[in-house]
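Asker: Under the numbering used here, read the sequence shown as residues 86 to 477, first letter to last.
Shown below is the structure under consideration.
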Amino acid sequence: MTEEPLALYVHWPFCVSKCPYCDFNSHVRLDIDQAAWRDALLTDLAHEAQLLRGRRLGSIFFGGGTPSLMDPATVTALIDAARAHWPRTDDLEITLEANPNSVEAARFADLASAGVNRLSLGLQSFDDDALRFLGRAHSSAEGLEALGIAQRHFPRVSFDLIYALPGDTEVTWKASLERALSLGTTHLSLYQLTIEPGTRFATMVSRGDFEPLDGDRAAGLYEATDALTAAAGTPAYEISNYAAPGHESRHNLTYWRYGDYAGVGPGAHGRRLGMRTVRHRKPENFLSAIQRNGHGIIEDAPLSATEAADEVLVMGLRLAQGIDAGAAARRFGFQSIVDWTRVDRLVASGHLTRKDERIAPTSAGRLLLDSILAEISASEPISAGRQVSAAA
Ligand code: SF4
């Protein structure tokens, strides 16, 4: 049995409305046949399970879309099926993403009974004007009420905030963050607003309806975020994620540490035994594929050693603890996966730290991660012509 626990991601692709900044695989549909979706997701799960026998399950994550709109009976059925397919670790983490409105909060007791033991709540802001700007359906008061209900039902509750909105200043953001840190959570996801192509916000920015916060001010807010969260004992452990030690999302750590994860449901990605898996994004196409093939896969391809080495670096350097670049090189059969001269230059400039072969981004480095990756990434083969499988 492979020792590394397996992570399972289940994607629920529906939302009540589309937020103007959102580029996730989320769709608005008037009618959702819950029974058909339960059966489809169970079928897709069974397909992954038969290809991943002999693994222990370490985490399940229901993401979306808005998975708190799933019938709790569907969540129960999927958790039960996953437990039947795989033996589990003693501390199986089961997270579900929820929006903080009264309809969804009313389901929290049922979701906890289904086995969900960690809730990730999309609060996004404590300010009603900001919530309206973000197109959210809940008010600040509803958000706080839902948080209280969640904290009564789940042993672990994380919530999200979005910052660096137009008009945000260090004073206003620090006040929000201090409030967030006083609400008794041990995990926060704090995202800067980014304008993604194809979203309603992208159209609005191109029309001149508003201007995104400029990069320097956004960087200042990021640094203030790092300092305040660290002082409160919930430091950054990833670019946008902050936790008290031991309260990190074990599921997401699997991605960033480049462990195997099965991804089921529309648009879900997976990494299984050296393969990349991608599911049909559009809900209707996914259901047809399930009926036709018994799974929702649109792409199932082996990763080359170079692709896998690039991914391990991209994911690992998101983490504050960084990556053992030497171990990663050996895992994929390379002499090295980074240019060490350039790494040392970035250590000298204060963007990376290095201890033996472990490299990690500093707070300043996390802000410039894309350019750092472009600079240091360099997979160097052990010897020309050697072919190594990406499977590890
Ligand atoms: S609720 Fe989440 S997934 Fe749904 S549209 Fe809004 S941001 Fe996207």
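Heads up, the beta-carbon is just placed ideally off N, CA and C, and yes, glycines get one too.
Taking the alpha carbon of proline 402 as the point to measure from, which residue in Gly139, Ala386, Ser456, His380 has its own alpha carbon closest?
Answerer: On the sequence shown, residue 402 is found 317 positions in, with the first residue counted as 1. Correcting the residue type first, residue 402 is leucine in the shown sequence and not proline. Checking every option, the nearest Cα to that of leucine 402 belongs to Ser456.
Asker: Any idea if glycine 331 is buried or exposed, counting beta-carbon neighbours within 10 angstroms, 16 or more meaning buried?
Answerer: Within the sequence shown, numbered from 1, the residue matching residue 331 stands at position 246. So glycine 331 counts as exposed.
Asker: My parser needs the alpha helix (DSSP H) runs of 4 or more residues fully inside the region 273-324; what are they?
Answerer: If we require 4 residues or more, the alpha helix (DSSP H) runs fully inside the region 273-324 come out as 285-292, 300-316.
Asker: Is there at least one non-hydrogen atom of ligand 1 closer than 6 Å to the beta-carbon of lysine 103?
Answerer: Walking along the sequence shown from the start, residue 103 turns up at place 18. Yes.
Asker: Between leucine 208 and tyrosine 248, how many whole angstroms is the CB-CB distance? I'm expecting something under 8 Å.
Answerer: Position 123 of the sequence shown, counting from 1, holds the residue named residue 208. Position 163 of the sequence shown, counting from 1, holds the residue named residue 248. Contact doesn't hold; Cβ gap of about 12 Å is too wide.
Asker: Let me check one thing: in DSSP terms, what residues is arginine 203 bridge-paired to?
Answerer: For the purposes of this step, residue 203 is taken as the residue at position 118 of the sequence shown. Its beta-bridge partners are Thr180, Arg241.
Asker: How far does the beta strand (DSSP E) with alanine 386 in it extend, from its first residue to its last?
Answerer: Taking the sequence shown and counting its residues from 1, the one referred to as residue 386 is at position 301. Where alanine 386 is concerned, the enclosing beta strand (DSSP E) stretches over 382-387.
Asker: I need the DSSP call for asparagine 326, collapsed to helix, strand or coil.
Answerer: Numbered from 1 along the sequence shown, position 241 holds the residue referred to as residue 326. In this structure, asparagine 326 counts as strand in the three-state DSSP scheme.
Asker: Any heavy atom of ligand 1 closer than 6 Å to the beta-carbon of phenylalanine 99?
Answerer: Working through the sequence shown from its first residue, we reach residue 99 at position 14. No, the Cβ of phenylalanine 99 stays beyond 6 Å of every heavy atom of ligand 1.
Asker: Could you have a look at glycine 411 and say whether DSSP puts it in helix, strand or coil?
Answerer: For the purposes of this step, residue 411 is taken as residue 326 along the sequence shown, with counting starting at 1. Helix, per DSSP.
Asker: In or out: threonine 254 buried (at least 16 other Cβ within 10 Å) or exposed?
Answerer: Locating residue 254 in the sequence shown gives position 169, counting from the first residue. By the 10 Å Cβ count, threonine 254 comes out exposed.
Asker: Check the DSSP bridge columns for glutamine 209 and list the partner residues they point to.
Answerer: In the sequence shown, the residue the question calls residue 209 occupies position 124. Bridge partners of glutamine 209: Leu246.
Asker: Cβ of serine 111 within 6 Å of any heavy atom in ligand 1?
Answerer: To locate residue 111, count along the sequence shown from 1; it is residue 26. Checking every heavy atom of ligand 1 against the Cβ of serine 111, one is found closer than 6 Å.
Asker: Under the three-state reduction of DSSP, which class applies to isoleucine 457: helix, strand or coil?
Answerer: Residue mapping note: residue 457 aligns to position 372 of the sequence shown, counting from 1. Helix, per DSSP.
Asker: Looking only at its chain, what residues have a beta carbon closer than 6 Å to the beta carbon of aspartate 213, apart from the 5 residues adjacent to it on each side?
Answerer: Position 128 of the sequence shown holds residue 213. Correct list, in chain order: Ser224, Ser225.
Asker: When you measure from the CB of threonine 284 to every non-hydrogen atom of ligand 1, does any distance come out below 6 Å?
Answerer: As a working mapping, residue 284 is identified with position 199 in the sequence shown. Flag unset: Cβ of threonine 284 not near ligand 1.
Asker: Take tyrosine 495 and list the residues in its own chain whose beta-carbon comes closer than 8 Å to its own, dropping the five residues that flank it on each side.
Answerer: Outside the shown range of the chain, which is 86 to 477, sits residue 495, and nothing can be said about it.
Asker: Classify serine 111 as helix, strand or coil using the three-state DSSP reduction.
Answerer: Counted from its first residue, the sequence shown places residue 111 at position 26. The answer is coil: DSSP assigns serine 111 none of H, G, I, E or B.
Asker: Which same chain residues, not among the five before or five after arginine 356, have their C-beta less than 7 Å away from its C-beta?
Answerer: The residue you call residue 356 lines up with position 271 of the sequence shown. Cβ within range, chain order: Asp345, Tyr346.
Asker: Can you tell me where the alpha helix (DSSP H) with alanine 169 in it begins and where it stops?
Answerer: Within the sequence shown, numbered from 1, the residue matching residue 169 stands at position 84. 157-170 is the extent of the alpha helix (DSSP H) around alanine 169.
Asker: For glycine 78, name the three-state secondary structure that DSSP assigns.
Answerer: Residue numbering for the chain in the displayed model covers 86 to 477; residue 78 lies beyond these limits and cannot be assessed.
Asker: Taking the alpha-carbon positions, what's the leucine 136 to valine 256 distance?
Answerer: Sequence index remark: in the sequence shown, residue 136 carries index 51 (1-based). Sequence index remark: in the sequence shown, residue 256 carries index 171 (1-based). Spanning the two alpha carbons is a distance of roughly 52 Å.
Asker: With burial defined as no fewer than 16 other Cβ atoms inside 10 Å of the residue's Cβ, what is the status of alanine 433: buried or exposed?
Answerer: The sequence position of residue 433 within the sequence shown is 348, counting from 1. Alanine 433 is exposed by the Cβ-count criterion.
Asker: CB glycine 91 to CB leucine 142, shorter than 7 Å?
Answerer: Residue numbering aside, residue 91 sits at position 6 when the sequence shown is read from its first letter. Residue numbering aside, residue 142 sits at position 57 when the sequence shown is read from its first letter. With the sequence shown as reference, residue 91 is identified as leucine, and glycine is not the correct amino acid for it. Closer than 7 Å, so yes.
Asker: Considering only DSSP beta bridges, list what valine 516 is partnered with.
Answerer: The requested residue 516 is not part of the displayed model; the chain covers only 86 to 477.
Asker: Is there contact between the region 363-378 and the region 165-183, where contact requires at least three CB pairs shorter than 8 Å?
Answerer: Short answer: they don't touch.
Asker: If distances are taken between C-alpha atoms only, which option among Glu460, Ile422, Arg451, Arg138 comes closest to glutamate 442?
Answerer: Along the sequence shown, one-based indexing puts residue 442 at 357. Minimum Cα distance to glutamate 442 is reached at Ile422.
Asker: Look up proline 152 in the DSSP assignment and give the residues it is bridged to.
Answerer: Indexing the sequence shown from 1 puts residue 152 at position 67. In DSSP, proline 152 forms no bridge with anything.
Asker: Does threonine 391 come out as helix, strand or coil in the three-state DSSP assignment?
Answerer: Sequence index remark: in the sequence shown, residue 391 carries index 306 (1-based). Looking at threonine 391 - three-state DSSP - the assignment turns out to be helix.
Asker: Going by the C-beta, is threonine 180 closer than 6 Å to any heavy atom of ligand 1?
Answerer: Sequence index remark: in the sequence shown, residue 180 carries index 95 (1-based). Not so, every heavy atom of ligand 1 lies at least 6 Å from the Cβ.
Asker: Apart from the five residues just before and just after valine 290, which ones in its own chain have a Cβ nearer than 6 Å to its Cβ?
Answerer: Working through the sequence shown from its first residue, we reach residue 290 at position 205. Around valine 290: Ile280.
Asker: When you compare the CB positions of serine 261 and phenylalanine 211, do they come within less than 7 Å of one another, or not?
Answerer: Here residue 261 refers to the residue found at position 176 when the sequence shown is read from its first residue. Here residue 211 refers to the residue found at position 126 when the sequence shown is read from its first residue. A contact, by the Cβ cut-off of 7 Å.
Asker: When you compare only the Cα positions, how much space is there between leucine 454 and proline 282?
Answerer: If you number the sequence shown from 1, residue 454 lands on position 369. If you number the sequence shown from 1, residue 282 lands on position 197. Going from the Cα of leucine 454 to the Cα of proline 282 covers about 20 Å.
Asker: I need the straight-line Cα distance from proline 387 to serine 144, nearest angstrom please.
Answerer: As a first step, residue 387 must be located in the sequence shown, where it is residue number 302. As a first step, residue 144 must be located in the sequence shown, where it is residue number 59. Whole-angstrom Cα-Cα distance: 24 Å.
Asker: Which residues in the same chain as proline 297 place their Cβ atom closer than 6 Å to its Cβ, once the five residues preceding and following it in sequence are excluded?
Answerer: If you number the sequence shown from 1, residue 297 lands on position 212. If we look at proline 297 and ignore the five residues flanking it on each side, its Cβ neighbours are Ile280.
Asker: Looking at alanine 287: is its Cβ nearer than 7 Å to the Cβ of isoleucine 234?
Answerer: Translated into positions along the sequence shown, residue 287 becomes position 202. Translated into positions along the sequence shown, residue 234 becomes position 149. Cβ distance not < 7 Å, so alanine 287 and isoleucine 234 don't count as in contact.
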